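Take 32 as the starting number for the sequence shown in the working numbering and just add one per residue. Virtual Cβ for every residue (Gly too), placed ideally from N, Cα, C. Computed from a predicted model, the values in this text were never measured in an experiment.
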Amino acid sequence: MAKVNQLGTYLGIECVAPIMRDQESGSIVNISSVAGLRGQRNIGYVASKFAVTGMTKAIALQLAKFNVRCNSVHPGAISTDMALGLGPSDVQLLTDKTPMGRIGEPEEVAEAVMFLLSDAASYLTGAEIAVDGGFVL
């Protein structure tokens, strides 16, 4: 888990940051989770997602002077194999705990990422966007 969430994020940043710094523009969007915004029971998963949040903020500070933005998206319960694999009763529990009363769709996460990559987000860096139907409120 840490290899994908933590190391994968680090290596991705390490690959693109020098290029974006040299061209003095760019936008990095890291995918974390609501588990990277608040505590949950699975310590390994939570630690790896908090690491993504921390790396995002550190790189945002480091690269801002080069006009490179770095933000993170934090999905809640999303209609994916991972969430749906929990079983109907757990999916219902997540739905019940979400103020909007439903789980999200992958396209809703993609829309948040596309916004952060766009010029409409040109003054956002270090931001944490929760795509979670209000779950972390």
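From the DSSP output, which residues share a beta bridge with residue 100? Paired residues: 58.
Close-in-space but distant-in-sequence residues of the same chain around residue 122 (CB under 8 Å, 5 per side omitted): These residues qualify, in order along the chain: 108, 114, 115 and 134.
Closest to residue 176 by CA distance: which of 102, 165 and 118 is it? Absent from the model: residue 176. The displayed extent of the chain is 32 to 168, so no value can be given.
Give me whichever residues DSSP pairs with residue 106 in a beta bridge. 162
Does the distance from the CB of residue 100 to the CB of residue 58 come in under 9 Å? Inclusion of residue 100 and residue 58 in the CB contact set at 9 Å is warranted, their separation being smaller than that value.
Distance, Cα to Cα, residue 88 vs residue 47? About 16 Å.
Should residue 167 and residue 69 be called a contact, given that it needs their Cβ atoms to be closer than 9 Å? Yes, the pair counts as a contact, with Cβ atoms nearer than the cut-off.
From 96, 110 and 144, residue whose alpha carbon lies closest to that of residue 53: The option with the nearest alpha carbon to residue 53 is 96.
How would you write the range of the alpha helix (DSSP H) that residue 34 sits in, first residue to last? Neither: residue 34 is in no alpha helix (DSSP H) and is coded neither H nor E.
Hey, quick one: how far does the alpha helix (DSSP H) through residue 76 stretch, first residue to last? 74-94
Using DSSP's beta-bridge definition, name the partner residues of residue 135. In the DSSP assignment, the residues bridged to residue 135 are 109.
Short Cβ contact (9 Å threshold) for residue 110 with residue 130: no
DSSP three-state assignment for residue 69, whether helix, strand or coil: coil
Reducing DSSP to helix, strand and coil, say where residue 119 ends up. helix
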